[in-house]
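In mature numbering (1 follows the signal peptide of the UniProt record, and there is no 0), the protein residues as written are -24 to -1, 1 to 280. Even for Gly, the Cβ is constructed at its ideal location relative to N, Cα and C. Everything numeric in this text was worked out from a predicted model, so none of it was measured. This report concerns only the one structure given below.
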Amino acid sequence: MAEAISLGASIIAFIGLAGQIAQGCSYVRTLIDDIDDAPDDMRGLQREIRLYEGTNETFREALSNLEESGIPTQQSSYVQLALKFGNETLSNLTEFIERKTKSGRRLGQVRFAFGKGKCAKHAEQIERAKEFLSMAQAGIILALEHEHTLSNRAANRVLETLTSQNEINSDTIERIPSYLDRIALDTRNLYSTVDSIKNEVSGQRHDLHTAIDNILIPLLTQRLNAFTSMFSESFRAIEEVRYTTRQTREAVENLTCTSDILRGLSGEMSQIVQITFRSVLTEFYLDIDAETSLVTLQRTTPKS
């Protein structure tokens, strides 16, 4: 693949070669102008050189425009071939004219004599160099047009993309109010749902407190009453124990006193008292035993 002509060293070198061709054309025309009585073939060759010089000048302007535009094109090898062929053609023609005119100069006059075939051959080479240069120029122009077309297509694609994005953005912007309204509606619905949940939770909490009160208060009251009853019974039992203890203490004191009295009596009196006291105690125990038997009999006898 040919290298791309761009703003690098290649295009600058090609412009320099085109300048050398322009100088060579001018020099060859000067050599032909110095020939006195130049034949028609030489004058025709001079016209070909002028045409080639014009083509080269147009080509050099195209290279300058290419340098200014900065657009690369794949024509480097063909341009180099056309310029090289043109320089070689002019060099050969210059050498041929100088060699033929050098020996023919006398007294400021130039005598030129050569065959028509030689002149026609060089004219053909000039024509071919002009064609090569024209083809190279056409290739550059086509390449530039192709690059320009590609650039336009890329620009159009970018423009279409931007237009599509703008349309999308415009459509999105137009939908923003409806989006905001929807968000506001969803927000209100959310607040309403939260309020409903709060009210429901509050009602359930009240019901829970009521249920707890209905369950715990009677239970606590029952337990408190039971504890109160147990405390009262315990208190009564304690009072009874205290009363019994007090009665027992008094009985012991009475017995102690009676015992002391009995110790002070004489032996006979003591026996009489002992017998009397024993009989009283015996009767007392008999009465108690009778009452106990009666109570037992009443408990064991079935009621009619």
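Check your understanding: Is it true that the region 100 to 111 meets the region 64 to 76, where meeting means three or more beta-carbon pairs spaced less than 8 Å apart?
Key -> Result yes; three or more Cβ-Cβ pairs closer than 8 Å.
Review point. Expressed to the nearest angstrom, what Euclidean distance is found between the alpha-carbon atoms of I(-13) and E107?
Key: Counting from 1 along the sequence shown, the entry for residue -13 is found at position 12. Counting from 1 along the sequence shown, the entry for residue 107 is found at position 131. Each residue's alpha carbon lies about 22 Å from the other.
Check your understanding: Apart from the five residues just before and just after L138, which ones in its own chain have a Cβ nearer than 8 Å to its Cβ?
Key -> On the sequence shown, residue 138 is found 162 positions in, with the first residue counted as 1. Cβ within range, chain order: n/a, list empty.
Practice item. My understanding is that R36 touches A(-7), with C-beta atoms under 8 Å, so please give their C-beta distance in whole angstroms. Key: Reading the sequence shown from its first residue, position 60 is the one you call residue 36. Reading the sequence shown from its first residue, position 18 is the one you call residue -7. Yes, R36 and A(-7) are in contact; Cβ-Cβ is about 4 Å, under 8 Å.
Check your understanding: How should E216 be labelled, buried or exposed, when 16 other C-beta atoms within 10 angstroms of its C-beta is the threshold for buried?
Key -> Here the question's residue 216 lines up with position 240 in the sequence shown. The residue is exposed, with fewer than 16 neighbouring Cβ atoms inside 10 Å.
Check your understanding: Can the beta-carbon of S140 be found closer than 9 Å to that of T31?
Key -> As a working mapping, residue 140 is identified with position 164 in the sequence shown. As a working mapping, residue 31 is identified with position 55 in the sequence shown. In this structure, T31 does not lie closer than 9 Å to S140 by Cβ.
Check your understanding: Is the distance from the Cβ of A112 to the Cβ of L59 below 9 Å?
Key -> As a first step, residue 112 must be located in the sequence shown, where it is residue number 136. As a first step, residue 59 must be located in the sequence shown, where it is residue number 83. Against a cut-off of 9 Å, the Cβ pair of L59 and A112 comes out as a contact.
Point to revise | Proximity winner among S127, H124, S178, S(-15), relative to L39 (alpha-carbon distances) | key: Position 63 of the sequence shown, counting from 1, holds the residue named residue 39. Among S127, H124, S178, S(-15), the Cα nearest to that of L39 is on S(-15).
Practice item. Quick one: residues in its chain with C-beta nearer than 7 Å to the C-beta of I25, no 5 flanking neighbours on either side, listed in chain order? Key: What you label residue 25 is simply residue 49 of the sequence shown in a count that begins at 1. C1, V4, R5, I102.
Check your understanding: Would you call S52 buried or exposed, if buried means 16 or more other Cβ atoms sit within 10 Å of its Cβ?
Key -> Here residue 52 corresponds to residue number 76 of the sequence shown, with the count starting at 1. When all chains shown are included, S52 counts as buried.
Check your understanding: How should F253 be labelled, buried or exposed, when 16 other C-beta atoms within 10 angstroms of its C-beta is the threshold for buried?
Key -> As a position in the sequence shown, residue 253 is number 277, starting the count at 1. F253 is exposed by the Cβ-count criterion.
**Study point:** Backbone secondary structure at P15 - three-state DSSP
**Key:** Here residue 15 refers to the residue found at position 39 of the sequence shown. It is coil, neither helix nor strand.
Review point. For G(-9) versus C95, is the C-beta distance shorter than 9 Å?
Key: Position 16 of the sequence shown, counted from the start, is the residue given in the question as residue -9. Position 119 of the sequence shown, counted from the start, is the residue given in the question as residue 95. Not a contact, by the Cβ cut-off of 9 Å.
Point to revise | Status (buried if at least 16 other CB within 10 Å, exposed otherwise) for D263 | key: In the sequence shown, counting from the first residue as 1, residue 263 sits at position 287. So D263 ends up on the exposed side.
Check your understanding: Where does F207 land, buried or exposed, given buried means 16+ other C-beta within 10 angstroms?
Key -> Working through the sequence shown from its first residue, we reach residue 207 at position 231. Burial call: exposed.
Check your understanding: How many angstroms separate the CA atom of D17 from the CA atom of T34?
Key -> Mapped onto the sequence shown, residue 17 falls at position 41. Mapped onto the sequence shown, residue 34 falls at position 58. Their backbone Cα atoms lie some 26 Å apart in a straight line.
Review point. How is D171 classed by DSSP in three states: helix, strand or coil?
Key: Start at 1 with the first residue of the sequence shown, and residue 171 comes out as number 195. Of the three classes helix, strand and coil, the one that applies to D171 here is helix, per DSSP.
**Study point:** Cβ separation of L7 and I73, assumed to be a contact under 8 Å, to the nearest whole Å
**Key:** Locating residue 7 in the sequence shown gives position 31, where the first residue counts as 1. Locating residue 73 in the sequence shown gives position 97, where the first residue counts as 1. Going by Cβ atoms, the distance from L7 to I73 rounds to 5 Å, so yes, they are a contact pair.
Review point. Is the beta carbon of E43 less than 9 Å from the beta carbon of I(-4)?
Key: Taking the sequence shown and counting its residues from 1, one reaches residue 43 at position 67. Taking the sequence shown and counting its residues from 1, one reaches residue -4 at position 21. Result no, Cβ atoms of E43 and I(-4) do not sit closer than 9 Å.
**Study point:** Under the three-state DSSP convention, the category D183 falls into
**Key:** Here the question's residue 183 lines up with position 207 in the sequence shown. Three-state result, D183: helix.
Review point. Would a C-beta distance cut-off of 9 Å place T77 and D9 closer than the cut-off?
Key: Numbered from its first residue, the sequence shown carries residue 77 at position 101. Numbered from its first residue, the sequence shown carries residue 9 at position 33. It is not a contact, given that the beta carbons lie outside the stated cut-off.
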